[in-house]
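Below: one structure, written as structure tokens.
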Amino acid sequence: YLRITAEPEDSSSQKQTDVEKSDDIVRKNKMVGESISPISIDVDRKLYNDLGLCKLKPKNNNSSYYMTIQLGYRPLDAKLGPTKFSFILKKACIIVSLFSDDTQIQDAINCLKCIDFPFTQEAAIDEITLDNYCKLPSDNEIMEMISDKLFKYAEHNKIKKVTVSSIFFSIPMDMYRVIMFNSKMPTLKEMTLSKIKLTPTKTSAQNDDEKKALESYCTFIEKDSSYTELHIVKDGNTMKIEQKPKK
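In the working numbering, the protein residues as written are -6 to 240.
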């Protein structure tokens, strides 16, 4: 792994040389990242990006792969752990977990904007599980940011099942996100939301199917706002809410 260091500026030609050196270092770091395929990786977000680990390709489909990305930085004497994402790839299932002890949600969101999730180039994933272990309440933005990242898995995979859970606090999610999961993941058959509260949307329906789906979500929320878990299943061209998961 090579680091980019700034050199004293003395001329335009020197600047050009420095740029070329930096580009060469970035290219070589990407080559290093492409050659890596261990079972367990623990890195900070800078090293993760420098090595291009989002494009990591497992060599053995029968193994489980673990990757942890530390989003923020902590002094060595810090009592609380840093905000981090962990990814576990188990054959056809990707498990994504977000951990944060005291980092403000906006800080986590800002860090999220700078990374792409790993294993999106795989072609055998059909199930996604997201577990949120944040110990601070949050708003819709965190789910919007994370779900946008999750949609990338559907570009090369036929996702059939998605499970989203919040361990400590209920997290709000704009109900139009359900519509988006359905459209971005056309093979999706079911979703389970645990401690995820659907909220009214300001996004307009694009067609009659979306309009009917949003109306049914609003009706459900009005009838029962105390739910803790939802099961959402494919129903024609839309997703239909069921309160209790099927056994």
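Using N, Cα and C, we set each Cβ at its ideal position, and we do this for glycine too.
Residue i versus residue j - alpha carbon distance
i: residue 219; j: residue 187; result: 12 Å
i: residue 157; j: residue 119; result: 15 Å
i: residue 153; j: residue 230; result: 15 Å
i: residue 90; j: residue 215; result: 31 Å
i: residue 106; j: residue 211; result: 30 Å
i: residue 110; j: residue 126; result: 18 Å
i: residue 167; j: residue 196; result: 9 Å
i: residue 82; j: residue 34; result: 12 Å
i: residue 155; j: residue 179; result: 12 Å
i: residue 162; j: residue 141; result: 21 Å
i: residue 222; j: residue 124; result: 14 Å
i: residue 50; j: residue 159; result: 29 Å
i: residue 175; j: residue 233; result: 11 Å
Boundaries (first-last residue) of the beta strand (DSSP E) holding residue i
i: residue 231; result: 231 to 235
i: residue 183; result: 183 to 187
i: residue 122; result: 120 to 127
i: residue 59; result: 57 to 63
i: residue 32; result: No beta strand (DSSP E) contains residue 32, which DSSP labels as neither H nor E.
i: residue 81; result: 77 to 83
i: residue 154; result: 154 to 159
i: residue 92; result: 86 to 93
Presumed contact (8 Å Cβ cut-off) between residue i and residue j, rounded CB distance
i: residue 164; j: residue 128; result: Rounded, the Cβ-Cβ distance is 12 Å, inconsistent with contact.
i: residue 170; j: residue 136; result: 7 Å
i: residue 88; j: residue 38; result: No, residue 88 and residue 38 are not in contact; Cβ-Cβ is about 19 Å, not under 8 Å.
i: residue 183; j: residue 151; result: Not really, about 14 Å apart at Cβ, beyond 8 Å.
i: residue 76; j: residue 47; result: About 18 Å; that fails the 8 Å criterion.
Under the three-state DSSP convention, the category residue i falls into
i: residue 137; result: helix
i: residue 228; result: strand
i: residue 221; result: coil
i: residue 104; result: helix
i: residue 191; result: strand
Host alpha helix (DSSP H) of residue i (start-end)
i: residue 212; result: 201 to 216
i: residue 174; result: 169 to 177
Exercise. Three or more beta-carbon pairs under 8 Å between the stretch 140 to 147 and the stretch 196 to 204, yes or no?
Worked result: The answer is no - the stretch 196 to 204 does not touch the stretch 140 to 147, with fewer than three Cβ pairs under 8 Å.
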